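Below you'll find the structure, written out as structure tokens, and then a few comments.
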Amino acid sequence: MSSIASSAMSSQVKLGDRVIVSSQTAGTKTGTLRYLGPTDFAAGDWAGVELDAAIGKNDGSVGDKKYFECKPKFGLFAPLHKVSINTI
């Protein structure tokens with residue numbers, strides 16, 4: 029998939045969607061989109077994803093701020109451009 033198509037898909041995600049988070053270093057991870065918007069820890073729009081497996085980095089919190097709720101290690105934040113709808 030081209031980066032243009034990927035970006036177009038990213039802009040169409042909405043809360044509750046099944047998504048794929050793509051990373052060149054960490055591969056792909058699947059989950060449910062739980063947060064979408066700005067964060068206190070980095071500029072730009074971010075996606076908070078509740079992962080299907082305990083391979084994440086948090087529980088929906090970063091620092092003292094809770095963005096969404098999930099079990100520990102099931103939460104992951106990614107720049108919006110790395111998130112696309114899971115069509116499988």
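Under this note's numbering, the first residue of the sequence shown carries the number 29, and numbering increases by one thereafter. We treat Cβ as the ideally placed atom computed from N, Cα and C, and that holds for glycine. This one's a predicted model, so the numbers in the text were calculated from it and none came from an experiment.
Item                                                                                                                       : Value
Residue nearest to L104 in terms of C-alpha spacing, selected from Q52, T58, D45, V41                                      : T58
Top-ranked residue by Cα proximity to L64, from K94, Q52, T115                                                             : K94
Beta-carbon contacts of T115 that lie in its chain and below 8 Å, excluding the five residues immediately before and after : none
Straight-line Cα distance separating W74 from I113                                                                         : 15 Å
Rounded straight-line distance, which links the Cα of C98 to that of S38                                                   : Note on S38: pLDDT 47, under 50, position unreliable in the model; the coordinate value appears next. One C-alpha to the other measures close to 22 Å.
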